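In the working numbering, the protein residues as written are 447 to 969.
All residues carry an ideal CB built from backbone N, CA and C; glycine is no exception.
As the structure is a prediction and not an experimental result, all values here were calculated from the model.
Written out below as C-alpha cells is the structure these notes cover.
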C-alpha cells in the first residue's frame, strides 16, 4: 500500500480532501469515490481507522474501540450500508450468544441477567427472572422499535424525521421508571450503558434505543479485530482511484484572496488542494484551524461549550494457551444496582464500581479464549499529571511516559484483577501477559479531546445543543464522525452517509443505495 506522499510541484488537486481516517472519513471517502470523485484521505498517525484500530501484543490482536457490532445479519441496517460499500460479506464475524450477548451482574446478586437477541427472545429471557414485568417488557420493546423507526436513515430511508423534538427530549431513566416497577430490572435494562455513558438526568431515550436496538436484532464479534473494516474500506477506496496517506497531520486551512478555502496544510508545510473538505477530526480543532468567525460565532461558541464523554482505562489480558474457556458474551458488572447510572461520576473507595469484559476466541482451540479486554471509566483528570507526554508508538512502549505512569497503571490493573477474581477465582494463574491503555492513549492515537470515548454528551433537556449539521457555515467544509448524529459503528456509518447526502443530494444517494442493494440481492 503506497501511503508515503511527496509534494508535487504541480499542486495536486482533488475533488474531495478528507481529514482523518476514522470510520466516518473512510465511509465518506468511499461513497464519493464511487461517484467518480477524485478523493484523498489524510491521517496523522501510523495506522488508519480511528477507533477501528487494533494492536498486537504477544502475537494476539486487540481491539481499541470496536468490541462488538450490531445490525450485521443479512438485510439488517448496518449490513445493508456495508453491502453498498461492498464489504458486508467479506467481514469475518462470530455471532454472540443469542440467549444473552450481554450478561449483567452485580456484587450483591448471584443471578446473571441476559440481554438476548431478537425482541421475542429478549422478553422471554428476562421474563424468567421478572415474570411480573413481562407485559411491560413487551411495551418497552415496542417503544425502542418505534423510536428507531422515527430516524429515517437508521432504516435507510430519506423521509423527514418524525416528531423530532418529541423523541429527542424523552429522558431514558424517566421513561424506564414510568414503565417498570422492579428496581433490579430497571438496572439490568441499562446495564450495558457503557455503550453510551449513562447519566440519569441527561441521557435521552433515543440514545439508549439507537445504541441497544441493533444489538438486540443481532450482535457480532469481529474475528481478528475491527481493523478489518478499515482495511476493506481502504481496499474499496483504492479500487475507485482514491488515495490515502499516513503521517499527514493537518494544522491549518489555506484561503485565497477571496477568503475561500482552497487547501489544507500539514505541519510540515505540504498542501493538499481541493474543492471540498470533509473533517473527520475533532470539531473544536477544525474550528481552530480556520477561526471561529468563519464557522459563525454562535456555532463555535456552542461547540466549544459542549461537554465530552469520559474516557476509559483498558486492561488487555493475554491468556496462557488452553487455560481460560471461551465466553461468547460480554460481561457488564457493577458493585450494585445503584452504580448503573452516573458510574464514572461517583466518588468510590471500591474502584472500579463497574467494568465490561469482552473475550476473543483462540482460533486454534475454539473452546478457549485467547485474550480478554476489561474496560472501566476513567476521566482525564486522573492522568492529567502526564498530559505533556505524547506517544503514538505502536510497538510496546513501556516507560515512554515515565515510571510514575507505569506504577499508576500497575496499581489500577491490580484493583481490576482483584475485582475479576470474585467472578473468576483462578484467573491470575491463567494470565500470560498484561497490557494497558489510559485516556492519554486514546487522546494520542484517536485524537479525541481528553481521550473521550463517544464525543459530546447528549442531554435530553437540551436535545438540539449537541445537534451538529454535517454541512458547516463554510461553503466547502463538511463534518463527519461520531459528533454528527450518533457514535458507534452504525451511528458513524449513518453519519457519513448523511454527510454525503449533503454533498450529492439525499434522494439521489439513498435511491442509488437501494438500487444497488436490491441488485446485489439478486446476483
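Name, in chain order, the residues that DSSP records as bridge partners for residue i.
{"i": "residue 722", "result": "462"}
{"i": "residue 804", "result": "819"}
{"i": "residue 539", "result": "668"}
{"i": "residue 748", "result": "Note: residue 748 sits in no beta bridge, so no partner."}
{"i": "residue 909", "result": "DSSP output for residue 909 lists no bridge partner at all."}
{"i": "residue 917", "result": "924"}
{"i": "residue 779", "result": "551 and 801"}
{"i": "residue 760", "result": "821 and 883"}
{"i": "residue 717", "result": "711"}
{"i": "residue 485", "result": "462"}
{"i": "residue 765", "result": "877"}
By Cβ distance, which residues of its chain are closer than 7 Å to residue i, with the 5 residues on each side in sequence left out?
{"i": "residue 626", "result": "579, 582 and 632"}
{"i": "residue 447", "result": "Because residue 447 carries a pLDDT of 39, less than 50, the predicted location of this residue cannot be relied on, and the following value inherits that uncertainty. Closer than 7 Å at Cβ, skipping near neighbours: no residue."}
{"i": "residue 749", "result": "729, 730 and 733"}
{"i": "residue 517", "result": "523, 524, 525, 660, 663, 664 and 936"}
{"i": "residue 498", "result": "469, 511, 512, 672, 673, 675 and 676"}
{"i": "residue 900", "result": "642, 643, 755, 928 and 933"}
Tell me the DSSP secondary structure of residue i in three-state form.
{"i": "residue 452", "result": "At residue 452 the pLDDT is 47, less than 50, meaning the model places this residue with poor confidence; the figure from the coordinates comes in the next sentence. Correct three-state label for residue 452: coil."}
{"i": "residue 809", "result": "coil"}
{"i": "residue 490", "result": "coil"}
{"i": "residue 899", "result": "coil"}
{"i": "residue 530", "result": "helix"}
{"i": "residue 711", "result": "strand"}
{"i": "residue 615", "result": "coil"}
{"i": "residue 558", "result": "strand"}
{"i": "residue 960", "result": "helix"}
{"i": "residue 882", "result": "strand"}
{"i": "residue 924", "result": "strand"}
{"i": "residue 506", "result": "strand"}
{"i": "residue 789", "result": "helix"}
{"i": "residue 1032", "result": "As shown, the chain starts at 447 and ends at 969. That puts residue 1032 outside it, with no answer to give."}
{"i": "residue 512", "result": "coil"}
{"i": "residue 874", "result": "helix"}
{"i": "residue 827", "result": "helix"}
{"i": "residue 621", "result": "helix"}
{"i": "residue 495", "result": "strand"}
{"i": "residue 468", "result": "strand"}
{"i": "residue 771", "result": "strand"}
{"i": "residue 701", "result": "strand"}
{"i": "residue 755", "result": "coil"}
{"i": "residue 626", "result": "coil"}
{"i": "residue 859", "result": "helix"}
{"i": "residue 732", "result": "helix"}
{"i": "residue 501", "result": "strand"}
{"i": "residue 814", "result": "strand"}
{"i": "residue 953", "result": "helix"}
{"i": "residue 853", "result": "helix"}
{"i": "residue 474", "result": "helix"}
Using a Cβ-Cβ cut-off of 6 Å (strictly less than) and excluding sequence neighbours within five positions of residue i, which residues of its own chain qualify?
{"i": "residue 531", "result": "476"}
{"i": "residue 527", "result": "939"}
{"i": "residue 509", "result": "500, 671 and 672"}
{"i": "residue 503", "result": "881"}
{"i": "residue 806", "result": "816 and 817"}
{"i": "residue 686", "result": "479 and 480"}
Where does residue i land, buried or exposed, given buried means 16+ other C-beta within 10 angstroms?
{"i": "residue 907", "result": "exposed"}
{"i": "residue 574", "result": "exposed"}
{"i": "residue 910", "result": "exposed"}
{"i": "residue 872", "result": "exposed"}
{"i": "residue 466", "result": "buried"}
{"i": "residue 954", "result": "exposed"}
{"i": "residue 798", "result": "buried"}
{"i": "residue 535", "result": "exposed"}
{"i": "residue 836", "result": "exposed"}
{"i": "residue 623", "result": "exposed"}
{"i": "residue 876", "result": "buried"}
{"i": "residue 744", "result": "exposed"}
{"i": "residue 951", "result": "exposed"}
{"i": "residue 667", "result": "buried"}
{"i": "residue 577", "result": "exposed"}
{"i": "residue 959", "result": "buried"}
{"i": "residue 495", "result": "buried"}
{"i": "residue 455", "result": "A caution first: residue 455 carries a pLDDT of 48, below 50, which makes its placement in the model too unreliable to give a value."}
{"i": "residue 898", "result": "buried"}
Got a sec? Which residues, its chain only, sit under 8 Å from residue i by beta carbon, not counting five neighbours each side?
{"i": "residue 838", "result": "491, 492, 890 and 891"}
{"i": "residue 461", "result": "478, 483, 484, 485, 720, 721 and 722"}
{"i": "residue 811", "result": "767 and 768"}
Should residue i be listed as close to the ligand COA, given that the test is whether its C-beta is under 7 Å from any heavy atom?
{"i": "residue 744", "result": "In the structure on display, the ligand COA does not appear, and there are no ligands present to speak of."}
>> I'd like the ranges of any alpha helix (DSSP H) spanning at least 4 consecutive residues and lying wholly in the region 635 to 698.
In response: 651 to 663 and 673 to 685
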